[in-house]
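Peer 1: In our numbering, the protein residues as written are 116 to 467.
Ideal Cβ placement from N, Cα and C applies to all residues, glycine included.
These numbers were taken from a predicted model, which means no experiment stands behind them.
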């Protein structure tokens, strides 16, 4: 990555999105402007610096700017808290705590962190600043067995979203997830300038994914600390989660992500079924075995549980709909490696 180009892109895109009216500059609306957003000299005036000085900053020569100047520019450009911190990180003027690296061996989580994960009764993960999922509890492994190719524990979330075709069927909110991921990587790249693995990841995604390149050029920055995940699991269908993220105090490069489910929701019921199925077959399958590698007999038993128990929740016997029409059962083929699932019709799907 070109550091000066990153700084230039960030300042230009923030300037381009801000209209004179938003910046409090009196400007006749009927007058045609040649550039979108503010001009450089307008930003310079708002920030209290000379036009030449701001032009140098926008060319990427920002390393010697004082914190006071950076604050003035951030205020002039109406940066939010994440963007303001990003500007300071790009200028290498961030507080020491903001640039701290993890003290944890990222391939081997501390035992106490493992215990924290295992104590959570919803899907939970530990993720680093490169978006490597480096730890998960049992439900987290079950949920993400697809992108992790079986383990559900360690994989890179950004690579999965942009380079794995299966992400389009796993994520019903793929565009939103991709945008949030790129925004997070932008923020991380400014904090960890010398992280060769992170630089390599970003360069790889830029080279291999047009979607990533287009989002990267927007230079949106932000950390999604709370939100939703809309997923489709190959075994139990659609799952709707909320999530919260927590930065670990002693390991600021690591984040704890906890998924939440509405009590009594279809998602809670489907996760219960997925969990109970895994427990039932844990004696004959390794804890980290992919669902795609389960035996034919195990899959037939899961089919029976899904198709026998779930339709009865809406008061219908298996094979009939609300008006007596035939209901196609959910089926998981033991002969297909991707475990294709044919969904139930709406009358019973709503009751799941």
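1) Determine the contact status of residue 133 and residue 192, defining contact as a CB-CB distance below 9 angstroms.
2) Give the range of the alpha helix (DSSP H) segment to which residue 136 is assigned.
3) Taking the alpha carbon of residue 235 as the reference point, which residue from 388, 389, 382, 373 has its own alpha carbon closest?
4) Can you say whether residue 299 is buried or exposed, counting buried as having 16 or more other CB atoms within 10 angstroms of its CB?
5) Only counting the same chain, and skipping five residues up and downstream in sequence, which positions put a Cβ closer than 7 angstroms to that of residue 161?
6) Which ranges does the beta strand (DSSP E) cover as unbroken runs of at least 3 residues, wholly within the stretch 324-399, from first to last along the chain?
7) Just checking my contact of residue 356 with residue 344 at CB under 8 angstroms: how many whole Å lie between their CB atoms?
8) Just reading off the alpha helix (DSSP H) that residue 274 is part of, what are its end residues?
9) What residue from 362, 207, 126, 271 has the CA that sits closest to residue 182's CA?
10) Quickly, what does DSSP pair residue 243 with across the bridge? List them, please.
11) Please state whether the Cβ-Cβ distance between residue 205 and residue 188 is less than 9 angstroms.
12) Between the beta-carbon of residue 316 and the beta-carbon of residue 245, is there less than 9 angstroms?
13) Locate the alpha helix (DSSP H) running through residue 204, then write down its first and last residues.
14) Can you confirm whether the stretch 308-322 touches the stretch 338-353 when touching is taken to mean that 3 or more C-beta pairs between the two stretches lie within less than 8 angstroms?
15) Smallest Cα separation from residue 393: which of 148, 325, 351?
16) Tell whether a beta-carbon distance below 9 angstroms holds between residue 252 and residue 232.
17) Rounding to the nearest angstrom, what Cα-Cα distance links residue 329 and residue 226 in this structure?
18) Might you give, ordered along the chain, the residues of its own chain that have their beta carbon closer than 7 angstroms to the beta carbon of residue 140, omitting 5 neighbours on each side?
19) Pick out whichever of 320, 288, 336 has its Cα sitting closest to the Cα of residue 129.
20) How long is the line joining the alpha carbons of residue 321 and residue 366, rounded to whole angstroms?
21) Would residue 361 be called buried (16 or more neighbouring beta carbons within 10 Å of its own) or exposed?
22) With distances taken Cα to Cα, identify the nearest neighbour of residue 383 among 297, 256, 238, 291.
23) Classify residue 147: buried if its beta carbon has 16 or more other beta carbons within 10 angstroms, exposed otherwise.
24) For residue 157, decide whether its Cβ has a neighbour in chain D, counting only Cβ atoms nearer than 9 angstroms.
25) Rounding to the nearest angstrom, what Cα-Cα distance links residue 290 and residue 390 in this structure?
26) Looking only at its chain, what residues have a beta carbon closer than 6 angstroms to the beta carbon of residue 301, apart from the 5 residues adjacent to it on each side?
27) Per DSSP, residue 248 forms a beta bridge with which residues?
28) Can you round the beta-carbon distance between residue 347 and residue 285 to whole angstroms, since I take them to be within the 8 angstroms contact cut?
29) Quick one: grab the DSSP three-state call for residue 294.
Peer 2: According to the structure shown:
1) For the purposes of this step, residue 133 is taken as the residue at position 18 of the chain shown. For the purposes of this step, residue 192 is taken as the residue at position 77 of the chain shown. Going by C-beta atoms, residue 133 is nearer than 9 angstroms to residue 192.
2) One-based indexing of the chain shown puts residue 136 at position 21. That run of the alpha helix (DSSP H) goes 135-138.
3) Counted from its first residue, the chain shown places residue 235 at position 120. It is 373 whose Cα lies nearest to the Cα of residue 235.
4) Here residue 299 is taken as the residue at index 184 of the chain shown, counted from 1. With 16 or more other Cβ atoms within 10 Å, it is buried.
5) Here residue 161 is taken as the residue at index 46 of the chain shown, counted from 1. Excluding positions up to five away in sequence, the list reads 138, 191.
6) Counting only runs of 3 or more, we get 341-348, 352-363, 366-375.
7) As a working note, residue 356 is residue 241 in the chain shown. As a working note, residue 344 is residue 229 in the chain shown. Their Cβ separation, rounded to whole angstroms, is 4 angstroms, which keeps residue 356 and residue 344 in contact under 8 angstroms.
8) Taking the first residue of the chain shown as position 1, residue 274 is located at position 159. Residue 274 -> alpha helix (DSSP H) spans 272-278.
9) Your numbering for residue 182 matches position 67 in the chain shown. Of 362, 207, 126, 271, the residue nearest in Cα terms is 207.
10) Your numbering for residue 243 matches position 128 in the chain shown. Residue pairing for residue 243: DSSP places it in a beta bridge opposite 369.
11) One-based indexing of the chain shown puts residue 205 at position 90. One-based indexing of the chain shown puts residue 188 at position 73. Cβ atoms of residue 205 and residue 188: not closer than 9 angstroms.
12) As a working mapping, residue 316 is identified with position 201 in the chain shown. As a working mapping, residue 245 is identified with position 130 in the chain shown. Yes. Within cutoff.
13) The residue given as residue 204 occupies position 89 in the chain shown. Its alpha helix (DSSP H) spans residues 196-205.
14) no
15) To locate residue 393, count along the chain shown from 1; it is residue 278. Residue nearest to residue 393 within the set 148, 325, 351 is 351 (criterion: CA-CA distance).
16) Against the chain shown, residue 252 aligns to sequence position 137. Against the chain shown, residue 232 aligns to sequence position 117. Contact: yes.
17) Counting from 1 along the chain shown, the entry for residue 329 is found at position 214. Counting from 1 along the chain shown, the entry for residue 226 is found at position 111. Distance between the alpha carbons of residue 329 and residue 226 is about 40 angstroms.
18) Here residue 140 is taken as the residue at index 25 of the chain shown, counted from 1. Closer than 7 angstroms at the Cβ level, and outside the excluded window around residue 140, lie 157.
19) Here residue 129 refers to the residue found at position 14 of the chain shown. The option with the nearest alpha carbon to residue 129 is 336.
20) Sequence index remark: in the chain shown, residue 321 carries index 206 (1-based). Sequence index remark: in the chain shown, residue 366 carries index 251 (1-based). Straight-line Cα distance between these residues: approximately 28 angstroms.
21) Counting from one through the chain shown, the residue named residue 361 turns up at place 246. With fewer than 16 other Cβ atoms within 10 Å, it is exposed.
22) Residue 383 sits at position 268 when you count from the first residue of the chain shown. The shortest Cα separation from residue 383 among 297, 256, 238, 291 belongs to 238.
23) Locating residue 147 in the chain shown gives position 32, counting from the first residue. Counting every other CB atom within 10 Å of its CB across the protein chains shown gives residue 147 a total below 16, marking it as exposed.
24) You won't find chain D in this structure, because it holds only one protein chain.
25) As a first step, residue 290 must be located in the chain shown, where it is residue number 175. As a first step, residue 390 must be located in the chain shown, where it is residue number 275. About 28 angstroms.
26) As a first step, residue 301 must be located in the chain shown, where it is residue number 186. These residues qualify, in order along the chain: 336.
27) As a first step, residue 248 is located in the chain shown; it is residue number 133 there, counting from the start. DSSP lists 242, 270 as partners of residue 248.
28) Reading the chain shown from its first residue, position 232 is the one you call residue 347. Reading the chain shown from its first residue, position 170 is the one you call residue 285. Their Cβ separation, rounded to whole angstroms, is 6 angstroms, which keeps residue 347 and residue 285 in contact under 8 angstroms.
29) Along the chain shown, read from residue 1 onward, the residue named residue 294 stands at position 179. Reduced to three states, the DSSP call for residue 294 is helix.
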